[in-house]
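Protein chains in written order, with our numbering: chain A, 1210 to 1487; chain B, 254 to 545.
Each residue gets a CB set at the ideal place from its N, CA and C atoms; glycine is no exception.
Structure first, then comments.
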Ligand SMILES: Nc1nc2c(ncn2[C@@H]2O[C@H](COP(=O)(O)OP(=O)(O)OP(=O)(O)O)[C@@H](O)[C@H]2O)c(=O)[nH]1
Ligand SMILES: Nc1nc2c(ncn2[C@@H]2O[C@H](COP(=O)(O)OP(=O)(O)OP(=O)(O)O)[C@@H](O)[C@H]2O)c(=O)[nH]1
Ligand SMILES: [Mg+2]
Ligand SMILES: [Mg+2]
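As structure tokens, then:
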């Protein structure tokens, strides 16, 4: 933020620029800065540092969704359905989640329900082998719903704690592919109503405004319980989660900060906002 | 859309009588918003608007009877020119094989695009060889092999225990002995800020001196696209860009950012997951798409 500690037009313009360049989007950025400018006037705040601090607190607050619970449950089996557009990091995130819960003593099962993309099953299988976890898979081209169905039976029969389902990447504009996901979610709730189902949308921090469209459409089609924001180890800030939080209301639960198994952190609104303005 | 907004802005202004430079600037605010909403990077938007403003004022938009229409026309033309000429080909090297390397961020679509390019080249009578030089991502080699198998195009691989430079060199020797005239090298996704991995690409370029290094950019990339493209351009001799996942509904402003900061032509666009989903780049269509 500019060297002047005064609140001139430049100061607010600079704040808008930081937010826009962080992919917060024009509308939300202008609204946030406009709001903070009025609060500064009303509260007679004269230092740029104080105003910036106020802005950070407001954003962190908007990202704190009260009903956000941790993903795992201790009283019943948990099923994680991981979805998102192509290449965002779903399969890698699943490996990280499986590793985390496995280390916490949960018995984790994986389902390779991406039966479409070349070597998708091999990719998840490699992770399963590295983590020494069971995996349910069919052959490439098989019906993903059938893989999920089998995995649900295995979850119950083997009395395991958690099932994580990998799905094929799909653009939210592909109606038939979104319908396929809805069908998979329905199978899970129908066949295993007693489990706790968490549907996680994986978003790539390098994505711009389209992430908002993705969140909207995935939320319309499925009942999302959380977002995982990946690739925050790059230089993209992922600010799009601010308008997503306002508009779609799905909480970010985890962030991906690398390609290794340990590179998954619980989402912290304050840490995120600090990084946004760093 | 944008046309209506510019017309409305101009109408409001004309009510005051003669247009001023400031009036032109304020009408261009709509264009600026549209470009930012389309994910064009902030600085690229700023430079573009300055350019359009100068041209609009220079061309006497203020005296025009239809200033709104003129502004829109100038914006469209300037954006189309910026998107660059349509040269969707991979020019052959003076001596075969023509070596092409695909680089870019994780998940941008390199492996799929590599296979699509091989298919495209073979359709044009070439004899391509695919090279699996991603030794990091689980089953990356298998992914390229499955795609190659699907198209009956050979894939050169040495497994994950060799380094990409050795694999590339081995592939080129193999291509020469097999009469393959195009060698398409798939590399691991990497961050522009990962010094070690960027160094690996620099070594690869210095070692095999490819005819083409293509930066693969996800069409839905946001503001950071400019930083990424700039970093790749600074470290490597990029010859072109490929924009992927254009079959979605992203406006694709990252295309303008990448093009503006690298000066490289956008050679092809990916429009789907299947191997035939590769199209030549159409600058005018892209300009319209970005403007919304
Ligand atoms: N730097 C970085 N790379 C990541 C992160 N998460 C995933 N990746 C990389 O992103 C690429 C794509 O990851 P995948 O897990 O295959 O993504 P996906 O969503 O399953 O892809 P599809 O199944 O093809 O849609 C891989 O190279 C991963 O290593 C992250 O947090 N940081
Ligand atoms: N819809 C659509 N999907 C695409 C396109 N190009 C690639 N994909 C998909 O995007 C995902 C990532 O593609 P990859 O080819 O694995 O990407 P990559 O850059 O090689 O990934 P890394 O090697 O992990 O960096 C896969 O699900 C592809 O099928 C495209 O033009 N349209
Ligand atoms: Mg996957
Ligand atoms: Mg790849």
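Should residue 390 (chain B) be listed as close to ligand 3, given that the test is whether its C-beta is under 8 Å from any heavy atom? Within the chosen limit of 8 Å, ligand 3 does not reach the beta carbon of residue 390 (chain B) with any heavy atom.
Helix, strand or coil: how does DSSP classify residue 285 (chain B) here? Residue 285 (chain B) sits in a helix when the DSSP states are folded into three classes.
If you draw a straight line from the alpha carbon of residue 1339 (chain A) to that of residue 1307 (chain A), how long is it in whole angstroms? Distance between the alpha carbons of residue 1339 (chain A) and residue 1307 (chain A) is about 11 Å.
Alpha helix (DSSP H) segment containing residue 1340 (chain A), residue limits: That run of the alpha helix (DSSP H) goes 1329-1340.
Can you find a C-beta in chain A that's less than 9 Å from the C-beta of residue 541 (chain B)? Chain A contact via Cβ: absent.
Neighbourhood of residue 370 (chain B) by C-beta distance below 6 Å, restricted to the same chain and skipping five residues each side: Closer than 6 Å at Cβ, skipping near neighbours: 437.
Listed by chain order, chain A residues near residue 473 (chain B) by CB distance under 7 Å: What residue 473 (chain B) touches in chain A, judged by beta-carbon distance under 7 Å, is 1416, 1417, 1419, going in chain order.
Quick one: give me the first and last residue of the beta strand (DSSP E) that residue 1462 (chain A) is part of. Per DSSP, residue 1462 (chain A) belongs to the beta strand (DSSP E) from 1461-1465.
Are there any heavy atoms of ligand 1 lying less than 8 Å away from the beta-carbon of residue 1299 (chain A), as far as the coordinates show? It does: the Cβ of residue 1299 (chain A) is within 8 Å (strictly closer) of some heavy atom of ligand 1.
In whole angstroms, what is the alpha-carbon distance linking residue 478 (chain B) and residue 516 (chain B)? If you take the alpha carbons of residue 478 (chain B) and residue 516 (chain B), they lie about 14 Å apart.
If you check the beta carbons only, do residue 506 (chain B) and residue 1440 (chain A) fall under 9 Å apart? Not a contact, by the Cβ cut-off of 9 Å.
What does the Cβ neighbour count give for residue 449 (chain B), buried or exposed, with the cut at 16 atoms within 10 Å? With a 10 Å radius around the Cβ and a threshold of 16 neighbouring Cβ atoms, residue 449 (chain B) comes out exposed.
Should residue 387 (chain B) be listed as close to ligand 4, given that the test is whether its C-beta is under 8 Å from any heavy atom? Ligand 4 has a heavy atom closer than 8 Å to the beta-carbon of residue 387 (chain B).
Buried versus exposed call for residue 452 (chain B) [16 or more other C-beta atoms within 10 Å across all chains shown]: That one is exposed.
Say the cut is 8 Å; is the CB of residue 1468 (chain A) nearer than that to a heavy atom of ligand 1? Flag set: Cβ of residue 1468 (chain A) near ligand 1.
Find out if the Cβ-Cβ distance for the pair residue 1470 (chain A), residue 1305 (chain A) is shorter than 9 Å. The answer is yes: Cβ separation under 9 Å.
For chain B, is any of its Cβ atoms less than 9 Å away from the one on residue 1482 (chain A)? Output row for residue 1482 (chain A): interface = no.
Nearest-angstrom Cα distance between residue 1414 (chain A) and residue 1447 (chain A)? Cα to Cα, residue 1414 (chain A) sits roughly 4 Å from residue 1447 (chain A).
With a Cβ-Cβ cutoff of 9 Å, do residue 454 (chain B) and residue 354 (chain B) count as a contact? By the CB criterion at 9 Å, residue 454 (chain B) and residue 354 (chain B) fall inside the cutoff.
Return the CA-CA distance between residue 1270 (chain A) and residue 1230 (chain A), expressed in angstroms with no decimal places. Here the C-alpha atom of residue 1270 (chain A) lies approximately 21 Å from the C-alpha atom of residue 1230 (chain A).
Could you check whether the Cβ of residue 501 (chain B) sits closer than 8 Å to any heavy atom belonging to ligand 2? For residue 501 (chain B), the distance from the CB to the nearest heavy atom of ligand 2 is below 8 Å.
Can we count residue 1307 (chain A) as close to ligand 1, meaning its CB is less than 8 Å from some heavy atom? For ligand 1, not one heavy atom lies less than 8 Å from the Cβ of residue 1307 (chain A).
Give a yes or no on whether the minimum CB-CB distance between residue 1352 (chain A) and chain B is below 9 Å. No, its Cβ sits nowhere closer than 9 Å to a Cβ of chain B.
Span of the beta strand (DSSP E) holding residue 1358 (chain A)? Not the beta strand (DSSP E): residue 1358 (chain A) falls in the alpha helix (DSSP H), residues 1353-1366.
Going along chain C, which residues have a C-beta under 7 Å from residue 391 (chain B)? The structure shown contains no chain C; its protein chains are A and B.
Can you name the residues that DSSP bridges to residue 1407 (chain A)? Residue 1407 (chain A) pairs with A:1289.
Name, please, each residue of chain A whose Cβ falls closer than 8 Å to the Cβ of residue 323 (chain B). Within chain A, no residue comes near residue 323 (chain B); the closest Cβ sits about 25 Å away, beyond 8 Å.
Which residue comes first and which comes last in the beta strand (DSSP E) that contains residue 1457 (chain A)? Careful: residue 1457 (chain A) lies outside any beta strand (DSSP E) and carries neither H nor E.
Residues of the region 492-503 of chain B with Cβ closer than 9 Å to any Cβ of chain A, in chain order: The residues in question are 497, 498, 500, 501, 502, 503.
Is residue 1439 (chain A) near ligand 1 - that is, is its Cβ less than 8 Å away from at least one heavy atom of it? Yes, ligand 1 has a heavy atom inside 8 Å of this Cβ.
Cα-Cα, which of B:330, B:338, B:272 is closest to residue 534 (chain B)? Comparing Cα-Cα distances from residue 534 (chain B) to each of B:330, B:338, B:272, the minimum goes to B:338.
Just checking: is the beta-carbon of residue 1341 (chain A) within a distance shorter than 9 Å of some beta-carbon in chain B? Answer no: the Cβ-Cβ gap between residue 1341 (chain A) and chain B never drops below 9 Å.
Answer yes if the region 394-405 of chain B comes into contact with the region 423-433 of chain B, meaning at least three C-beta pairs across the two stretches below 8 Å, and no otherwise. Under the 8 Å Cβ criterion, the region 423-433 of chain B does not count as touching the region 394-405 of chain B, having fewer than three qualifying pairs.
Would you say the beta carbon of residue 541 (chain B) comes nearer than 8 Å to a heavy atom of ligand 2? Not one heavy atom of ligand 2 is found less than 8 Å from the C-beta of residue 541 (chain B).
Neighbourhood of residue 331 (chain B) by C-beta, 8 Å cutoff - its chain only, sequence neighbours within 5 removed: Excluding positions up to five away in sequence, the list reads 301, 304, 305, 308.
Any non-hydrogen atom of ligand 3 within 8 Å of residue 1332 (chain A) CB: Within the cutoff, so yes.
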